[in-house]
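Student: Each protein sequence line maps, in turn, to chains A and B. In terms of my numbering, the first sequence opens at residue 153 and continues consecutively. In terms of my numbering, the second sequence opens at residue 7 and continues consecutively. Just so you know, even glycine gets a beta-carbon here, dropped at the ideal spot from N, CA and C.
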Amino acid sequence: MKIIDTLRSRRYAVTFIILIIASFVLATVIPQRTRMSEAEWFRLRSNYPEFIEIISFTGLDHVYTSWWFLAIVVLFSINISLNLSDRIRASWRQFQDIRPLSPSEIKTLPLNAVISLSGDKDQFFKEAEKILKDFRYRLKRHNQGLTAQKARIGYFWIPLFHGSILIVLCGVLISGLFRFSGTVELSEGQEFHGREEEFINRWYGLLKYRPEMGFSIRLNRFNVEYWDRGHPKLYQGFIEVRDRGGDVLTKAVEMNEPLKYRGYSFYQTRYWGYSALFGLLRNNAQELTGYVNLPYKERYDNVILKQDFLIPETGLRAFLDYEPASKILRMEIKDGLKTIVNGILKEGDYIKLNDHTLRLHRIVKWTGLYISYDPGVIVVYTGFALMVLSSLGMVFLYPKRLWLSFEDNTLLIGGDAGRRRVEFREEFIKIVEALKRMTL
Amino acid sequence: MNWEIILYWTATTFYGIAGAIAISGFVFKKERLINIALGLSAAGLVIHGISIIIRWKSVGHGPYINMYEVMSSDAWVAMAFYLLLQIKYRFLKRAAFIVIPIVFLSMGFGIMSTTEPIPLPPSLRSYWLILHIVFAKLCSASFLVAFGLAGLYLLKLSRPEAEFLSRLPTPERMDILIYRFNALGFAFLSIMIIAGSIWANNAWGRYWAFDPVETWSLITWLAYGMYLHLRLNRNWLGKRSAYLTIAIFVLSVLSFFFIPYFLKTVHSEYLVR
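#1: Going by CA-CA distance only, name the one from Lys302(A), Asn295(A) and Met483(A) that's closest to Ile492(A).
#2: Per the contact definition of three or more C-beta pairs closer than 8 Å, is the segment 207-216 of chain B in contact with the segment 164-171 of chain A?
#3: Which first and last residues belong to the beta strand (DSSP E) in which Phe504(A) is found?
#4: For His508(A), name the three-state secondary structure that DSSP assigns.
#5: So the alpha helix (DSSP H) His294(A) belongs to, where does it begin and stop?
#6: Can you name the start and end residues of the alpha helix (DSSP H) that Trp82(B) belongs to?
#7: Using a Cβ-Cβ distance cut-off of 7 Å, determine whether Gly2(B) contacts chain A.
#8: Output yes if chain A places a C-beta closer than 7 Å to the C-beta of Thr18(B); else output no.
#9: Which ranges does the alpha helix (DSSP H) cover as unbroken runs of at least 4 residues, wholly within the segment 171-229 of chain B, from first to last along the chain?
#10: Which residues share a DSSP beta bridge with Asp395(A)?
#11: Report yes if the C-beta distance between Ile133(A) and Gly528(A) is below 7 Å; otherwise report no.
#12: Just confirm the distance between the C-beta atoms of Leu158(B) and Met180(B), as a whole number of angstroms; I'd bet it's less than 8 Å.
#13: Thinking Phe367(A) and Arg414(A) are a contact (beta carbons under 8 Å), I'd like their distance in whole angstroms, please.
#14: Going along chain E, which residues have a C-beta under 8 Å from Phe255(B)?
#15: Are the segment 163-175 of chain B and the segment 283-297 of chain A touching by the rule of at least three beta carbon pairs closer than 8 Å?
#16: Hey, is Val540(A)'s beta-carbon within less than 7 Å of any beta-carbon in chain B?
#17: Put Trp242(B) into one of helix, strand or coil per three-state DSSP.
#18: Distance, Cα to Cα, Phe277(A) vs Leu298(A)?
#19: Going by C-alpha to C-alpha distance, which of Gly114(B), Asn207(B), Phe20(B) and Ile199(B) sits closest to Met539(A)?
#20: With 16 as the cutoff for other CB atoms within 10 Å, does Ala537(A) come out buried or exposed?
#21: With burial defined as no fewer than 16 other Cβ atoms inside 10 Å of the residue's Cβ, what is the status of Ile581(A): buried or exposed?
#22: Which of the three DSSP states is assigned to Glu281(A) in this structure?
#23: Evaluate the contact criterion for the segment 42-61 of chain B versus the segment 17-25 of chain B: three or more CB pairs, one atom per stretch, below 8 Å.
#24: With a 10 Å radius around its C-beta and 16 neighbouring C-beta atoms as the bar for buried, classify Ala191(A) as buried or exposed.
#25: Buried or exposed, going by whether 16 or more other CB atoms sit within 10 Å of the CB of Leu429(A)?
#26: Comparing the C-beta of Thr180(A) with each C-beta of chain B, is any distance below 7 Å?
#27: Quick test of your reading: Asn408(A) and Ser132(B), contact by CB under 8 Å. State the CB separation rounded to the nearest angstrom.
#28: What would DSSP say about Pro384(A), mapped onto helix, strand or coil?
#29: Taking all protein chains shown into account, do 16 or more other C-beta atoms lie within 10 angstroms of the C-beta of Ile530(A), making it buried, or fewer, making it exposed?
#30: Output yes if chain A places a C-beta closer than 7 Å to the C-beta of Arg96(B); else output no.
#31: From the DSSP output, which residues share a beta bridge with Asn561(A)?
#32: Verify whether the separation of the beta carbon atoms of Ile250(A) and Arg553(A) is less than 7 Å.
#33: Return yes when the Cβ of Lys35(B) is within less than 7 Å of the Cβ of Phe170(B), no when it is not.
#34: Please report the residue range of the beta strand (DSSP E) in which Gln301(A) lies.
#35: Which of the residues in the segment 479-493 of chain A, read from start to end, lie with their CB under 9 Å from any CB of chain B?
#36: Assuming Ser148(B) and Leu111(B) make a contact with CB atoms under 8 Å, what is their CB distance in whole Å?
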């Protein structure tokens, strides 16, 4: 129980925040393995072996996945959760109609005032009700006097805000467990079925889970546009979704305009290149087709793209030189060290290779697509929405309470706004002034 | 003739003169000098606004791509926010000697980077990005006002007999205003981080990547969260609240404007140029 009480302590909330801040600072100042290439890491390890040994041993080279950082986040989450249940109960109690207070209780409130009164009490109450309604209070008359409340929903902003942090953390946890992402390079006309071997890179969550795609996508066309000075303006892939045999959806995927379908999201990346579509025919067998992607460059004016590949079933190696500006493809085919073909190849041309015929169908564009499956996103977004709502609510709409009661020929007024009572003082004084004017 | 730059320099000159006059007004305790400084700042704001509009029209996008545009628009929003606020809270004009020089320095900082127009890259074409930027500016402006108030608050406490500071509200009221602007800035900062996160998810398929600027924004958010906690739960009012406000404001400036220079980040791809 003592541990629970310790974890619940709000003092520890501040301690956890300080620890998390310190961890973030360390993670941005100390080189993180995940943010460096193998070569950079190797260089660092060679130059500063002791330093690398220390940060590797302490987990400072991977702060965000180190056991101690995760432990701080878990303890912080427990602290918020334990406080949240207390806060919800307290907020609910405060939200329900307020209990009338006796004159002696009103006098003990942090904000209170006394007004001398003469005349009819009922008439006074009617006038007071009008004033309080002008200040937008909800009123309730009872034997001892009057109670008034305003912005009652405000009792829930703080628990809602803390709840939203927990929801975001839950979403992050779901992402960490179930998230899958990968990249593919897709050429115009090429189809993608989501098979493991079709990805260039794949990253799994801790549970190594990925649901079957159950549909395929096809890049029909890729469009790239530039501003006058050569800066990229638009990357646009026209993608068709094929689900159970029929075409169900086509969409122009751009940066900031991903395709979302059955839990998967397809993002346009900002790299693209050229690819050559070849067909290989052996006697009367069915043609084998395949794309050969040429390397990516920042700019394609005044470059020659080189690529080599093994021609299936033949044991021959082909070497391509492609010049995008003139659209000339030069191809050399070697059998071991001996060149057997060397020349320019146009779309539709074919080359006889013993039992096979190699045909260049066309030169098209390929583009990168980033694919992700992340059930945590919707949870995180829900947390975001509640966080925005509650943080604005906390600023603009906090609850206030007033008690009015008679004692002999005086009116007692008490006010409370919880932790915001310092701010509430201004409004309280205005109300008291208005009531005093009424009694004059 | 490049009218955009000419007007930018004109506005910077106005702010510079206004800042010097505001400081003189503070040092020599002359209210009239502060009024002149505010008038010059308002004139500078109009000229500065025209410079931004010319830029917007010529490059075809809002002022948020490189450091020159970011600093220029931040300075404009901060100045407009301050001038409007001091109409509502008249005592705020006494913070002119803090706010105007900061705006002037921001303009100088902005012009040190390239003014070459950079076309909008595909990754930045998003409404979420606009929301991200608008709220970044609003939260910076709120924190700046809270910072200015905290400075005035501490001055008032240290020199309670000073006539120049006598027209400031009571320390208690100033303390509330510092808290309110910090809380408002915190709400805006939350929206800024969230909009940025949603934009990143739409553009690159991940809502958080621990990019250094992302991380430092979160550090700032946690620091303001800690401030609110300490104020509401541990009763950190008055002096402690003011000192904490100043410290966290310095942290926010470090996070938003200096981290992109020192650490490799996706934000520096545009900002540092």
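Tutor: Considering the structure as presented:
#1: Met483(A)
#2: no
#3: One point to set straight first is that residue 504(A) is Lys, not Phe, in the sequence displayed. Counting along the chain, the beta strand (DSSP E) containing Lys504(A) begins and ends at Tyr502 to Leu505.
#4: strand
#5: Segment Arg290 to His294 is the beta strand (DSSP E) holding His294(A); no alpha helix (DSSP H) there.
#6: Met73 to Lys94
#7: Past the edges of chain B, shown from 7 to 279, lies residue 2(B), and the structure says nothing about it.
#8: no
#9: 177-210
#10: Gly398(A)
#11: One cannot answer for residue 133(A) here, as it falls past the ends of chain A, which runs 153 to 592.
#12: 7 Å
#13: 7 Å
#14: You won't find chain E in this structure, because its protein chains are A and B.
#15: no
#16: yes
#17: coil
#18: 8 Å
#19: Ile199(B)
#20: exposed
#21: exposed
#22: helix
#23: yes
#24: exposed
#25: buried
#26: yes
#27: 4 Å
#28: strand
#29: exposed
#30: no
#31: None; Asn561(A) has no bridge partner.
#32: yes
#33: yes
#34: Gly297 to Lys302
#35: none
#36: Actually they are not in contact, since the Cβ atoms of Ser148(B) and Leu111(B) sit about 19 Å apart, beyond 8 Å.
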